[in-house]
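Enquirer: In our numbering, the protein residues as written are 20 to 533. Where a beta carbon is used, it is the ideal one built from N, C-alpha and C, also for glycine.
1. I want to know whether the region 201-208 touches the region 517-526 - three or more CB-CB distances under 8 Å.
2. What are the boundary residues of the alpha helix (DSSP H) that residue 194 is part of?
3. Rounded to whole angstroms, what is the Cα-Cα separation between residue 314 and residue 159?
4. Could you have a look at residue 66 and say whether DSSP puts it in helix, strand or coil?
5. Out of curiosity, what's the CA-to-CA distance linking residue 337 and residue 486?
6. Does the region 448-464 come close enough to the region 384-400 to have 3 or more Cβ pairs within less than 8 Å?
7. Consult DSSP for residue 509 and reduce its assignment to one of helix, strand or coil.
8. Would the region 400-420 count as touching the region 469-487 if we require 3 or more Cβ pairs under 8 Å?
9. Under DSSP, the alpha helix (DSSP H) around residue 238 begins and ends at which residues?
10. CA-CA distance, residue 176 and residue 484?
11. Straight-line CA distance for residue 230 to residue 212?
12. Contact defined as beta carbons within less than 8 Å: I believe residue 285 pairs with residue 226. What is the distance between those atoms, to the nearest angstrom?
13. Check residue 535 in the structure and name its three-state DSSP category.
14. Going by the DSSP bridge assignment, what does residue 109 pair with across the sheet?
15. With C-beta atoms as the reference, is residue 193 less than 8 Å away from residue 422?
16. Near residue 370, what residues of its chain come up, given a Cβ to Cβ distance below 7 Å and the 5 sequence neighbours on each side ignored?
17. Give me, in chain order, the residues of the same chain whose beta-carbon lies closer than 6 Å to that of residue 606; leave out the 5 immediate sequence neighbours on both sides.
18. Where residue 4 and residue 195 are concerned, what is the direct C-alpha to C-alpha distance, given to the nearest angstrom?
19. Exposed or buried, what is residue 36 when buried is set at 16 or more other beta-carbons lying within 10 Å of its beta-carbon?
20. Run the CB neighbour count on residue 494, radius 10 Å, all protein chains shown included, and call it buried at 16 or more, exposed below.
21. I'd like to know if the region 95-105 and the region 63-77 are in contact, where contact means that at least 3 CB-CB pairs between them fall below 8 Å.
22. From which residue to which residue does the alpha helix (DSSP H) around residue 351 run?
23. Is residue 380 closer than 8 Å to residue 497 when the C-beta atoms are compared?
24. What whole-angstrom Cβ distance do residue 282 and residue 335 have, given they're in contact under 8 Å?
25. For a quick check, are the C-beta atoms of residue 452 and residue 431 less than 8 Å apart?
26. In terms of residue numbering, what span does the alpha helix (DSSP H) encompassing residue 293 cover?
27. First and last residue of the beta strand (DSSP E) that includes residue 521?
28. Would DSSP call residue 321 helix, strand or coil?
29. Can you tell me which of 518, 532, 171 puts its alpha carbon nearest to the alpha carbon of residue 87?
30. Check each candidate in 397, 444, 520 and name the one with the smallest Cα separation from residue 469.
31. Touch check for the region 232-252 and the region 270-277: three-plus C-beta pairs under 8 Å?
32. If you draw a straight line from the C-alpha of residue 90 to the C-alpha of residue 438, how long is it?
33. Check whether the Cβ atoms of residue 434 and residue 111 lie closer than 8 Å to each other.
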């Protein structure tokens with residue numbers, strides 16, 4: 020009798036497991052069937068696996084092949100219609116779609132990709148709601164903000180010059196010792212010093228100490244694959260990451276001695292120290308980004324402690340390594356294209372002899388007197404955009420027409436910098452070639468290409484650090500080419516992980532020019 024009862028219990032348990040398995044399998048089958056044949060986006064072209072599962076896009080991101088995959092889809096399906104790249108997302112590959120997607124105030128709702136919590140507490144970049152983003156950006160604005168070009172030139176350029184000269188001195192030491200230099204890492208460290216200076220008044224010593232301080236940059240890069248996976252895998256984002264305490268187990272902690280956790284802890288300490296100074300009547304001569312975060316008011320109220328920390332680390336998280344990517348990519352393009360390097364150097368030497376350039380060069384001097392250098396920077400950013408993400412927006416109630424195509428409401432609409440900036444029509448006949456001359460051949464064509472640039476985003480959510488990045492690139496790249504000959508040891512690789520790019524192992528030998 021006991022054996023029979025045990026057998027019955029065993030069968031009941033097995034039956035329950037079988038039923039659960041059948042139910043789960045049936046639900047998955049019907050979800051796939053719906054996505055492929057009944058979904059509002061089922062009429063759009065695209066690979067079946069991307070339409071069926073959001074997991075496929077997450078895997079592609081983790082494999083670090085997303086730009087190449089998207090380019091392959093454009094080659095296969097063309098640019099005349101949007102391409103379905105996930106169950107709910109359409110990619111618009113033409114530059115003509117940018118205005119419809121990113122300038123329409125009805126489409127100012129970001130897709131759920133950003134609301135993962137992987138980048139820490141919510142800040143400007145991760146705020147989904149358009150109205151909230153507008154209020155927050157307004158709260159952080161001011162006439163002396165350290166991310167506007169006016170504020171940078173008037174209050175910070177002299178201090179950036181000091182960092183440029185320090186960088187040149189450190190590179191001269193390496194040139195004299197004839198050691199290989201991982202230039203992709205060194206320019207990223209320079210950018211990190213600029214961002215920490217603008218955020219907290221003083222740089223943190225990346226260049227001075229010739230190292231990635233507290234492993235901040237490497238820690239950021241290691242987290243990008245997870246950021247991309249969570250953002251693209253809808254089920255994981257919506258259900259697993261919302262399990263109480265789960266994301267805290269995965270994310271950096273302020274008790275960490277290095278990496279992004281240490282950065283957050285340091286931000287907390289610096290905010291606390293600054294608030295104590297303010298209570299004693301001590302106010303900084305040059306308001307840094309931390310001061311703007313402390314002064315910010317939303318609906319008459321200051322930001323809460325979590326918001327303060329999130330925003331004082333924003334420039335470092337979003338801008339240090341990405342600006343380093345722009346610096347490294349452009350220097351690599353110049354170093355591997357001798358004709359372009361020769362033209363850029365000839366232009367600089369002539370301007371130098373004519374007394375038009377300071378030491379180090381000023382932003383305005385480069386903008387006015389070195390048009391070929393500016394074209395090289397634009398071309399480098401066109402081919403290797405540092406933020407090569409899927410900046411999706413949610414289609415508004417009633418749907419939205421984008422580039423002549425109607426998109427049903429609630430669907431995700433995106434473009435991609437790597438794709439639109441290699442548009443075969445706009446950049447014909449050589450969209451994949453590094454050819455700075457294209458920016459100088461016709462003022463009218465250059466204006467169209469400028470308007471179609473997606474390097475820093477477009478519309479009301481354009482990158483907060485755009486002018487900072489341009490200031491750094493307009494100053495460090497010319498000064499490096501001015502002072503050093505560059506011999507490539509290893510070209511390295513342009514890596515896109517989680518929609519964010521960085522350069523790996525671009526290694527050179529430097530020799531000082533006389």
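Expert: Taking the geometry as given:
1. yes
2. Residue 194 -> alpha helix (DSSP H) spans 176-196.
3. Looking at the two C-alpha atoms, the distance is approximately 8 Å.
4. coil
5. 13 Å
6. yes
7. Three-state DSSP puts residue 509 in a strand.
8. yes
9. Residue 238 -> alpha helix (DSSP H) spans 235-251.
10. 15 Å
11. 11 Å
12. Between residue 285 and residue 226 the beta-carbon gap is near 18 Å, outside 8 Å, which marks them as no contact.
13. This structure does not reach residue 535, given that the chain is present from 20 up to 533, and the question cannot be answered.
14. 103, 432
15. no
16. 376, 388, 389
17. Residue 606 lies beyond the residue range present for the chain, which begins at 20 and ends at 533; the question has no answer from this structure.
18. Beyond the ends of the chain as shown, which are 20 and 533, falls residue 4; an answer cannot be given.
19. Around the beta carbon of residue 36, a 10 Å sphere encloses fewer than 16 other beta carbons of the protein chains shown; the residue is thus reported as exposed.
20. buried
21. yes
22. 333-354
23. yes
24. The beta-carbon distance between residue 282 and residue 335, rounded to whole angstroms, is 7 Å. This is short enough to meet the 8 Å contact definition.
25. A distance of 8 Å or more separates the beta carbons of residue 452 and residue 431.
26. 278-298
27. 519-523
28. strand
29. 518
30. The shortest CA-to-CA distance from residue 469 to any of 397, 444, 520 is the one to 397.
31. yes
32. 6 Å
33. yes
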